[in-house]
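What follows is one structure encoded as structure tokens, with my remarks underneath.
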Amino acid sequence: MTIELNPQQKHAAEFEDRHALVLAGAGTGKTRTIIARAAYLIGRGVSTHRLLLLTFTRRAAKEMIRRLTQMIGEADSRIMAGTFHHFCLYTMRRMPKYFGVENATVIDRDDQVQLMKLIRGHYHKSTQQLPRAAELVNLCSYARNTNQATADYLEQHTEYDPDIMEVIVKIAQDFTHRKQLNNYLDYDDILFLFAKKLHEDPVLRDRIRGFYDHILVDEMQDTNPLQWLILDGMRDPAKLFCVGDDAQSIYAFRGADFKNVHAFKERVPDSVVLRLEENYRSTQGILDLSNWLLRQSSIPYDKELQAHRRTLSKPKLIDFDNEFDEARWIAQDLIERHETGADWKDHMIITRTGWGARAVESLMVENNIPYRFIGGVSLLQAAHVKDLLCLIRAAASHLDELAWTRYLTMWPRIGDVTATRMIEAMKPEPSIDQALDVLRARLKDRTQIIEGVKGVLDYWKEPSRIIQEAAHFLKPLMMKRYDNWDLRRHDFELLGRLAGRHRSIMAFIETYTLDPVTATVVERLEQDDVVTLTTAHSAKGTESPVCYIIRVEPGVYPYVKSMGIFEQEEEERRILYVAMTRAQDELIMTRTYQRGMLYSAAGRFGLQENNYFMEDLDDDLVDIEDAGYGPDRFSDYDVIRPWNRI
DNA sequence: GAAGCGTTATACTAT
DNA sequence: ATAACGCTTC
Numbered sequence: 008m009t010i011e012l013n014p015q016q017k018h019a020a021e022f023e024d025r026h027a028l029v030l031a032g033a034g035t036g037k038t039r040t041i042i043a044r045a046a047y048l049i050g051r052g053v054s055t056h057r058l059l060l061l062t063f064t065r066r067a068a069k070e071m072i073r074r075l076t077q078m079i080g081e082a083d084s085r086i087m088a089g090t091f092h093h094f095c096l097y098t099m100r101r102m103p104k105y106f107g108v109e110n111a112t113v114i115d116r117d118d119q120v121q122l123m124k125l126i127r128g129h130y131h132k133s134t135q136q137l138p139r140a141a142e143l144v145n146l147c148s149y150a151r152n153t154n155q156a157t158a159d160y161l162e163q164h165t166e167y168d169p170d171i172m173e174v175i176v177k178i179a180q181d182f183t184h185r186k187q188l189n190n191y192l193d194y195d196d197i198l199f200l201f202a203k204k205l206h207e208d209p210v211l212r213d214r215i216r217g218f219y220d221h222i223l224v225d226e227m228q229d230t231n232p233l234q235w236l237i238l239d240g241m242r243d244p245a246k247l248f249c250v251g252d253d254a255q256s257i258y259a260f261r262g263a264d265f266k267n268v269h270a271f272k273e274r275v276p277d278s279v280v281l282r283l284e285e286n287y288r289s290t291q292g293i294l295d296l297s298n299w300l301l302r303q304s305s306i307p308y309d310k311e312l313q314a315h316r317r318t319l320s321k322p323k324l325i326d327f328d329n330e331f332d333e334a335r336w337i338a339q340d341l342i343e344r345h346e347t348g349a350d351w352k353d354h355m356i357i358t359r360t361g362w363g364a365r366a367v368e369s370l371m372v373e374n375n376i377p378y379r380f381i382g383g384v385s386l387l388q389a390a391h392v393k394d395l396l397c398l399i400r401a402a403a404s405h406l407d408e409l410a411w412t413r414y415l416t417m418w419p420r421i422g423d424v425t426a427t428r429m430i431e432a433m434k435p436e437p438s439i440d441q442a443l444d445v446l447r448a449r450l451k452d453r454t455q456i457i458e459g460v461k462g463v464l465d466y467w468k469e470p471s472r473i474i475q476e477a478a479h480f481l482k483p484l485m486m487k488r489y490d491n492w493d494l495r496r497h498d499f500e501l502l503g504r505l506a507g508r509h510r511s512i513m514a515f516i517e518t519y520t521l522d523p524v525t526a527t528v529v530e531r532l533e534q535d536d537v538v539t540l541t542t543a544h545s546a547k548g549t550e551s552p553v554c555y556i557i558r559v560e561p562g563v564y565p566y567v568k569s570m571g572i573f574e575q576e577e578e579e580r581r582i583l584y585v586a587m588t589r590a591q592d593e594l595i596m597t598r599t600y601q602r603g604m605l606y607s608a609a610g611r612f613g614l615q616e617n618n619y620f621m622e623d624l625d626d627d628l629v630d631i632e633d634a635g636y637g638p639d640r641f642s643d644y645d646v647i648r649p650w651n652r653i
């Protein structure tokens, strides 16, 4: 089976002998071209294990591999495809002599924040007005990903008092140190460590450069300086084939730098820039509006998407009195479409923030519309799942202080202080067994606490059994802790099934730490025909025949917090652009004019800027409807909030 | 001194 | 839902 390509796509897919940057606008067949290139190279005799495919999410990697398999058969299973984080960790694990990270535990954002809290508490006594732990993690993470010293970053890009800056720098050092002591790797460490060794050790660099002939990179505009260092260190003789679109860059907040796109030609000698310009996804009406949005920017994107399709289908913008009317209308519209033969799965609802969709979610539940939420709280972040995983992690290593703190403090009469003391006492011990002996001496008659850990270790080789055992063991504690235990316990069945697919329990935990699965009630039932509810960020790279963008209103586009900061406001514009360009046949935007919390938040920030993106709309571009539904009925609905989604 | 309880405030995007 | 905080109990 071959793939049909237009001349530009074909030229890109079959490009030879040089590095290439492919500038591909939304819907121009970016994924198709990458797959076609992989197939072309394989057809030309390049061995599958000499190809490296770097994507933005694992979901995207899986999708590409699936489509490639359709084309060329099973041979592709040996292609290394995944995120930068995945690839780096995989490679480091396979080269223990150079990296020494075999026993490291990968920690997620929650764990980072948890650890940061411990450190912050230490400084908080003497210094007032320190940023909160989550913000401190953001600062450290951003500096790392942009490869700057924390002090430089703070001075150039923030406005903290000099004495606060000094403390933050110290905290950042402590944070790094504390991670090393615990043998933790966070997302940033994975990239940093790999990039560092790659550039420091010429022998290692030569070995890694010898691994691949072609490196294909998706979503180049969202790569950060650290990721650039990795690509730069791995090229030659390997050829880079990077695909991206500066108009879709929406991850500057975590260090993405579109210099990686703009400066490609200067940075990579003997490279060419190719373009894909014809849009196959959307109707011209949808593209006219998207083009208009970009033209309002003072940044020259130099981009006018042209539809290959003939139909116009003008986008709609519908006004409501409040978010419940908005949600009720969407639910009703979905039901009508479904009744007249449309599939649920052909509908996507795009939200700027996870909790901006709360009313929509309530109405979906109320109307029994099957849906899945992408981009929210993941299964592994739910409190009860964390409890269980921490018991398992505690059994895996007596040095994992976050896991031990959580496990120990679940028990009555053990709080932070007691737990910390016990953990300190275990630290010098060489093995988990000896550490447990130390613990036993301190716990005296409360041997149950140790039995739990032993119980897990007894079944160490059977991932799904461990989950069962741990869940059974923790049941009495959790029943006391959570009043909705009956709802929560079902997650452990799912968890057990997922774990059963992995070689080892720790491999399972690691996989889902790097690639969080969001699971809503429906997804757990593993249905296929469901409406997708997603954040604009998670929608990148996907498409849907019918797209609803909700809360397209002042304070959301641009988001209040970005107001007054040029680069951030422009990123917000691109977020809306990404959302609009997901639509294939119909684009329906909705907004509410209640002076909701977000809008009034703008006032609280003291910002009165008139910078709403959908102001001054041309009648030719959008049909605006007023669907005022009368008095609000807020109290009629149970509001689903982001945190009780699970 | 530490644990535990009730009260209050809280909010973006994510590998 | 959960963190932070102050207050009471062990």
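Under this note's numbering, the first residue of the first sequence carries the number 8, and numbering increases by one thereafter.
Note that CB positions come from ideal geometry on N, CA and C, so glycine has one too.
Q) So what's Ala88 in DSSP terms, helix, strand or just coil? A) Sequence index remark: in the first sequence, residue 88 carries index 81 (1-based). Of the three classes helix, strand and coil, the one that applies to Ala88 here is strand, per DSSP.
Q: Assign Asn286 to one of three DSSP states: helix, strand, or coil.
A: Taking the first sequence and counting its residues from 1, the one referred to as residue 286 is at position 279. Asn286 falls in the strand class under three-state DSSP.
Q) By DSSP, does Phe327 sit in helix, in strand, or in coil? A) Numbered from its first residue, the first sequence carries residue 327 at position 320. Note: Phe327 maps to strand in three-state DSSP.
Q: Quick one: using the 10 Å Cβ neighbour count with 16 as the cut-off for buried, is Asp24 buried or exposed?
A: The residue given as residue 24 occupies position 17 in the first sequence. Exposed, by the Cβ-count rule.
Q. If we call anything under 7 Å between Cβ atoms a contact, is Ala401 one with Ala389?
A. Against the first sequence, residue 401 aligns to sequence position 394. Against the first sequence, residue 389 aligns to sequence position 382. Against a cut-off of 7 Å, the Cβ pair of Ala389 and Ala401 comes out as no contact.
Q) Roughly how many angstroms lie between the CA atoms of His104 and Asn152, to the nearest whole one? A) Stepping through the first sequence from its first residue, residue 104 is reached at position 97. Stepping through the first sequence from its first residue, residue 152 is reached at position 145. The question names His, yet the displayed sequence has Lys at residue 104. Roughly 25 Å between the two C-alpha positions.
Q | Straight-line gap, Asp340 to Tyr194 (C-alpha atoms, nearest Å) | A | Taking the first residue of the first sequence as position 1, residue 340 is located at position 333. Taking the first residue of the first sequence as position 1, residue 194 is located at position 187. Near 41 Å, if we compare the C-alpha coordinates of Tyr194 and Asp340.
Q | Length-filtered (4 minimum) alpha helix (DSSP H) runs lying within the segment 534-583 | A | 543-546
Q: Decide if Met486 is buried, meaning its Cβ has at least 16 other Cβ atoms within 10 Å, or exposed.
A: Residue mapping note: residue 486 aligns to position 479 of the first sequence, counting from 1. Flag for Met486 reads exposed.
Q. Can you tell me whether Pro561 is buried or exposed, with buried defined as 16 or more other CB within 10 angstroms of its CB?
A. Stepping through the first sequence from its first residue, residue 561 is reached at position 554. Label assigned to Pro561: buried.
Q: Using the Cα positions of Thr40 and Phe22, report the straight-line distance between them to the nearest angstrom.
A: Within the first sequence, the letter at position 33 stands for residue 40. Within the first sequence, the letter at position 15 stands for residue 22. For Thr40 and Phe22, the distance between alpha carbons rounds to 11 Å.
Q) By Cβ distance, which residues of its chain are closer than 8 Å to Trp336, with the 5 residues on each side in sequence left out? A) Taking the first residue of the first sequence as position 1, residue 336 is located at position 329. So the list reads Ile325, Phe327, Thr597, Ala634 and Tyr636, once near-sequence residues are dropped.
Q) Applying the criterion that 16 or more other CB atoms from any shown protein chain within 10 Å of the CB defines a buried residue, is Phe199 buried or exposed? A) Translated into positions along the first sequence, residue 199 becomes position 192. Under this definition Phe199 is a buried residue.
Q) DSSP on Ser656, reduced to helix/strand/coil? A) Since the first and last residues shown for the chain are 8 and 653, residue 656 lies out of range.
**Q.** First and last residue of the uninterrupted alpha helix (DSSP H) at Ala19
**A.** As a position in the first sequence, residue 19 is number 12, starting the count at 1. From DSSP, the alpha helix (DSSP H) with Ala19 extends over Pro14 to Ala20.
Q. Can you tell me the Cα-Cα spacing of Val87 and Ala270, whole angstroms?
A. For the purposes of this step, residue 87 is identified with residue 80 of the first sequence, where counting begins at 1. For the purposes of this step, residue 270 is identified with residue 263 of the first sequence, where counting begins at 1. At residue 87 the sequence reads Met, which differs from the Val that was named. Approximately 27 Å, taken between the alpha carbons.
Q.
Quick check on the DSSP output: the alpha helix (DSSP H) that includes Thr518 runs from which residue to which?
A. Within the first sequence, numbered from 1, the residue matching residue 518 stands at position 511. Counting along the chain, the alpha helix (DSSP H) containing Thr518 begins and ends at Ile512 to Leu521.
Q. Between Arg359 and Met429, what straight-line distance do the alpha-carbon atoms span, to the nearest angstrom?
A. Position 352 of the first sequence, counted from the start, is the residue given in the question as residue 359. Position 422 of the first sequence, counted from the start, is the residue given in the question as residue 429. The straight-line gap from Cα to Cα measures roughly 44 Å.
Q) Can you tell me the Cα-Cα spacing of Arg580 and Pro470, whole angstroms? A) As a first step, residue 580 is located in the first sequence; it is residue number 573 there, counting from the start. As a first step, residue 470 is located in the first sequence; it is residue number 463 there, counting from the start. C-alpha separation (whole angstroms): 45 Å.
Q: Mind the definition here: the segment 143-162 touches the segment 257-265 only if three or more C-beta pairs lie below 8 Å; say whether that holds.
A: yes
Q) Which word fits Ile222, buried or exposed, when buried means at least 16 other C-beta atoms lie within 10 angstroms of its C-beta? A) Position 215 of the first sequence, counted from the start, is the residue given in the question as residue 222. Flag for Ile222 reads buried.
(Q) Using 8 Å for Cβ pairs, my map puts Met71 next to Thr38. What's the rounded Cβ distance? (A) Within the first sequence, the letter at position 64 stands for residue 71. Within the first sequence, the letter at position 31 stands for residue 38. Confirmed, Cβ separation roughly 6 Å.
(Q) Do Phe106 and Leu61 count as a contact pair if the criterion is CB distance below 7 Å? (A) Residue 61 sits at position 54 when you count from the first residue of the first sequence. Residue 106 sits at position 99 when you count from the first residue of the first sequence. Going by C-beta atoms, Leu61 is not nearer than 7 Å to Phe106.
Q) Would a C-beta distance cut-off of 7 Å place Ile582 and Ile257 closer than the cut-off? A) Counting from one through the first sequence, the residue named residue 582 turns up at place 575. Counting from one through the first sequence, the residue named residue 257 turns up at place 250. A contact, by the Cβ cut-off of 7 Å.
Q. How is the beta strand (DSSP E) around Glu632 delimited, first residue to last?
A. Along the first sequence, read from residue 1 onward, the residue named residue 632 stands at position 625. First-last of the beta strand (DSSP E) with Glu632: Asp630 to Asp633.
Q) Looking at the unbroken alpha helix (DSSP H) that takes in Val29, where does it start and where does it end? A) Stepping through the first sequence from its first residue, residue 29 is reached at position 22. Not the alpha helix (DSSP H): Val29 falls in the beta strand (DSSP E), residues His26 to Ala31.
Q) Going along the chain, which residues of its own chain have a beta-carbon closer than 6 Å to the beta-carbon of Arg288, five neighbours each way excluded? A) Numbered from its first residue, the first sequence carries residue 288 at position 281. Excluding sequence neighbours, Arg288 sits near Gly34, Glu550 and Gln591.
**Q.** Option in Arg100, Asp115, Asp220 and Ile556 with minimal Cα separation from Glu109
**A.** Working through the first sequence from its first residue, we reach residue 109 at position 102. The shortest Cα separation from Glu109 among Arg100, Asp115, Asp220 and Ile556 belongs to Arg100.
Q.
According to DSSP, simplified to helix, strand and coil, what is Ile662?
A. Nothing about residue 662 can be read from this structure; the chain reaches only from 8 to 653.
Q: Mind reading off the beta-carbon distance from Asp498 to His391? Whole number of angstroms is fine, and I expect it under 8 Å.
A: What you label residue 498 is simply residue 491 of the first sequence in a count that begins at 1. What you label residue 391 is simply residue 384 of the first sequence in a count that begins at 1. Right, the Cβ-Cβ distance comes to about 7 Å (below 8 Å), so this counts as a contact.
Q: For my contact list, Glu226 and Gly251 are in at a C-beta cut-off of 8 Å; report their separation, rounded to the angstrom.
A: As a first step, residue 226 must be located in the first sequence, where it is residue number 219. As a first step, residue 251 must be located in the first sequence, where it is residue number 244. About 6 Å separates the two Cβ atoms, so the contact holds.
Q: Keeping to the same chain, check which residues put their C-beta closer than 7 Å to that of His405; ignore five residues upstream and five downstream.
A: Here residue 405 is taken as the residue at index 398 of the first sequence, counted from 1. Within the same chain, His405 has close Cβ partners Met433, Glu436, Ile439 and Ala442.
Q.
Residues in the same chain with beta-carbon distance under 8 Å from Ala156, minus the five sequence neighbours each way, listed in chain order, please.
A. For the purposes of this step, residue 156 is taken as the residue at position 149 of the first sequence. Excluding residues within five positions, the ones whose Cβ falls inside 8 Å are Ala150.
(Q) Quick check on Val250: does DSSP put it in helix, strand or coil? (A) Translated into positions along the first sequence, residue 250 becomes position 243. Strand at Val250.
Q. Nearest-angstrom Cα distance between Leu398 and Glu162?
A. By 1-based counting over the first sequence, the position of residue 398 is 391. By 1-based counting over the first sequence, the position of residue 162 is 155. Their backbone Cα atoms lie some 41 Å apart in a straight line.
Q.
Spatial neighbours of Leu12 within its chain, please: C-beta separation below 8 Å, excluding the five flanking residues on both sides.
A. For the purposes of this step, residue 12 is taken as the residue at position 5 of the first sequence. Ala20, Gly36, Arg39, Thr40 and Ala43, listed in sequence order.
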